[in-house]
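Respectively, the protein sequence lines represent chains A and B. Residue numbers are given in my numbering: position 116 of the first sequence equals residue 233, and the series is strictly consecutive. Residue numbers are given in my numbering: position 113 of the second sequence equals residue 99, and the series is strictly consecutive. Glycine included, C-beta positions come from ideal geometry on N, C-alpha and C. In what follows, a structure is listed as structure tokens, so that the remarks can point back to it.
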Amino acid sequence: MTTLMEIRHVTKRYGGGRLSGEGMTALSDLSMTIDADRPSITAVVGESGSGKTTLARILLGLTPPTEGEVLYRGQDLTSLSGEQRRDFRRDVQAVFQDPYEVYNPFYRVDHVLNTPVNRFKLAANRAEGRELIAGSLRAVGLRPEEILGRFPHQLSGGQRQRIMVARAVLMRPRLIVADEPVSMVDASLRATILGSLRKLTDEMGISIIYITHDLATAYQVSDNILVMYRACVAEAGAVEQVVKQPQHPYTQLLISSIPKVSTTRDWLADEGDETIRAIPGHDGCRFVERCPVAMARCAGSIPPLYRTEAHRATACFQFDASPELAPAEMGQVLEGAVALPAPVKGVNQP
Amino acid sequence: MSPHSILRVHRLRVAFDHPLGTVQAVDDVSFTLLANERLGLAGESGSGKSTLALAILRMIKPPGHIQGGEVHLDGTELSSLDQEAIRRVRLAGIALVPQGSMNSLNPVMRIQAQIADALADHGVVLSKAELAARVADLLRRVGLRAEVADLYPHELSGGMKQRACIAIAICLSPKVIIADEPTSALDVVVQRQVMETLARVQRDLGAAVILVGHDMGLMAQFVDRLGIMYAGRLVEIAPIGEIITRPRHPYTQMLISSLPSLEARGTMHGIPGLAPLLRDLPPGCAFHPRCPKADARCRTEKPAVRDLAPGQQVACHHA
Chain A
118 MTTLMEIRHV TKRYGGGRLS GEGMTALSDL SMTIDADRPS ITAVVGESGS
168 GKTTLARILL GLTPPTEGEV LYRGQDLTSL SGEQRRDFRR DVQAVFQDPY
218 EVYNPFYRVD HVLNTPVNRF KLAANRAEGR ELIAGSLRAV GLRPEEILGR
268 FPHQLSGGQR QRIMVARAVL MRPRLIVADE PVSMVDASLR ATILGSLRKL
318 TDEMGISIIY ITHDLATAYQ VSDNILVMYR ACVAEAGAVE QVVKQPQHPY
368 TQLLISSIPK VSTTRDWLAD EGDETIRAIP GHDGCRFVER CPVAMARCAG
418 SIPPLYRTEA HRATACFQFD ASPELAPAEM GQVLEGAVAL PAPVKGVNQP
Chain B
-13 MSPHSILRVH RLRVAFDHPL GTVQAVDDVS FTLLANERLG LAGESGSGKS
37 TLALAILRMI KPPGHIQGGE VHLDGTELSS LDQEAIRRVR LAGIALVPQG
87 SMNSLNPVMR IQAQIADALA DHGVVLSKAE LAARVADLLR RVGLRAEVAD
137 LYPHELSGGM KQRACIAIAI CLSPKVIIAD EPTSALDVVV QRQVMETLAR
187 VQRDLGAAVI LVGHDMGLMA QFVDRLGIMY AGRLVEIAPI GEIITRPRHP
237 YTQMLISSLP SLEARGTMHG IPGLAPLLRD LPPGCAFHPR CPKADARCRT
287 EKPAVRDLAP GQQVACHHA
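This is the structure we're talking about:
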């Protein structure tokens, strides 16, 4: 198994110091591995402040960790040679949220596609370069003749976002880190763009980290999921299980809070449903103030991730009978596309 | 006895003057809102739903203008009112919770002062004690502690700010509350609390609500009836159960089936093509380039809005 990237006990803190006081922990003791051989889509889901965007920036080498290490092919990012760094920048591509801000309005959109071709010498000559670009546009469902030669303002948000995915594809990366790639795009187009991403994984073997707050699209397009809450991983595992049988109280709250398109109207509850308690200055689980099943020990220490199933880990003391997850095992929990065993009739079911 | 209609929009048209041509942002929209009803207006960007909300309140600014149509609030035709009279209708008759309103709270005024501002603007003069009591009551109705009155917006969370905006919107007990994407910046857990607040407030006031947005799950769980807007037209309106289970307009059908569900993982498919630019609409039905049912008639003849049942309409040659 070739490990493409590894994060070991990474913590990221912002601020703090003598003048600014406390500071803020954006990521707390996070470990994970991304396997090069088994392409999959892993969703990182959480609300704002959960640390998911910080995780993206750490993976892309855009910000250094405060503690811990970030390794690319076994080598710490801070000690990559020039050539290794170039390889890293090709292997790990970013697709960001805003399809409006990333373009220089003075250049035609060809510019964002030509630049990497030239910079990384991806083509032997102009004709080959043109074909490479056309191919990457087609890979995301765009027609080159409708896109090339245009300025950004002449294209829709959806087209601009897909061009950024095409640009990421050009480099034949091993990993794409996509931070809210469809949140600014209309609902009817989201499925199309996410479908393009799924094709990249299935047909071109590119792994994707899909960062979002939208659990429904995460469920549809991903194989695995990491649920983050206030800088910590609350739950991780195969997406089907985590969404259908959530173990962590936060995951349960998240899923039950999503309004479903259904004729069953059970979403607007009666008042006073929400658990709130004030526990100032505690050192325990980040969710304890809102947790409906909090125990005394929850305010005293932070629960580790317990490996509750082959493809599931949950950071909750309710599961302390399960073994603690060693950091190196996170890669196994988040393995490639997981085929669920077919239910055996008559054994587990009536 | 038929239910009482509180708001009646009849053939409303809004245009924007653009150097490249006139843009029809709202095209001949008609619907009726019943007292106590929750109506949703769904559509994607550029569909005209926010413009429609502003047009109802006569808040369209140049280069936009209302070209025609009528808006009746509880029997009073709003376009017949002069500037001062329509100003009084805003907030007292129809209240708007605009998009991003939680970011529009005055950052240097405490919440109590912002509510007092709204009241004073409508000639409500209260003593210090009366004002404090009124504000405390409003805050309680939206589930905020009385102490919030003395806080500045930056001291409140997103959800609290949005609830403060709802408190301002209801301070004169309006008959209609129009909420334009009230929860789009909030996380799902907070969103639910804010929508519960809105539902409760609506029940207490006996007001009607128009919820403008694009989150179909939110619509499914909150509204009684849903209108679908496309390229400035109201292409379908029906009870929410009907929209979900038996949508009539092809756009609605494709929209519903393109929604990612949490029930089963399947192939994701969107609606092919793109929404048309409003200044460059195709002839005939604006949806025909993307419609699997389009025929020659659709390409030349704009479908009229047809009544299917009371409160249920569709604009399609094939529905």
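In this structure the stretch 275 to 290 of chain A touches the stretch 213 to 231 of chain A; the number of beta carbon pairs closer than 8 Å is three or more. Remark: C-beta atoms of I158(A) and I124(A) do not approach each other more closely than 8 Å. With contacts defined as CB atoms closer than 8 Å, V257(A) and V229(A) fail to qualify as a contacting pair. Residue burial is scored here from C-beta neighbours: D303(A) has at least 16 other C-beta atoms within 10 angstroms and is therefore classed as buried. Within a 10 Å sphere around the beta-carbon of V410(A) sit fewer than 16 other beta-carbons, which makes this residue exposed. DSSP places P298(A) outside both helix and strand once states are collapsed to three, so it counts as coil. Taking the Cα of H274(B) as reference, the smallest distance to any Cα among L125(B), H(-4)(B), I230(B), C302(B) is reached at C302(B).
Contact check for V209(B) against M215(B) fails: the beta carbons are separated by 8 Å or more.
If you check each beta-carbon in the stretch 318 to 330 of chain A against every beta-carbon of chain B, the ones closer than 7 Å belong to H330. Counting only Cβ-Cβ distances below 9 Å, V128(B) has no contacts in chain A at all, with the closest Cβ about 12 Å away. The DSSP-derived three-state label of D68(B) is coil. The alpha-carbon separation between P156(A) and Q276(A) amounts to approximately 26 Å. CA-CA distance, P48(B) to F2(B), rounds to 8 Å. In the displayed model, R125(A) falls within a strand according to three-state DSSP. Under the three-state reduction of DSSP, E352(A) is assigned to strand.
A direct Cα-Cα distance of roughly 46 Å separates T392(A) from A71(B).
In the displayed model, F2(B) falls within a strand according to three-state DSSP. For the options Q177(B), R292(B), L105(B), the alpha carbon positioned closest to that of A305(B) is the one of R292(B). In this structure, I163(B) keeps its C-beta atom at 8 Å or more from the C-beta atom of Q100(B).
T195(A) is not a Cβ neighbour of A348(A), given a cutoff of 8 Å. If you compare the alpha carbons of M181(B), A261(B), L112(B) with that of V83(B), the shortest gap goes to M181(B). For M345(A) and M149(A), the gap between their C-alpha atoms comes out near 13 Å. In chain order, E30, S31, H200, A261 make up the part of chain B whose C-beta sits under 8 Å from the C-beta of D303(A). At least 8 Å separates the CB of L442(A) from every CB of chain B. Interface annotation, P275(B): not in contact with chain A, CB-CB separation never under 8 Å. Within the stretch 169 to 186 of chain B, those residues whose Cβ lies closer than 8 Å to any Cβ of chain A are, in chain order, D173, V174, V175, Q177, R178, Q179, M181, E182, A185, R186.
At a beta-carbon threshold of 7 Å, the residues of chain B lying near S273(A) are L260, ordered along the chain.
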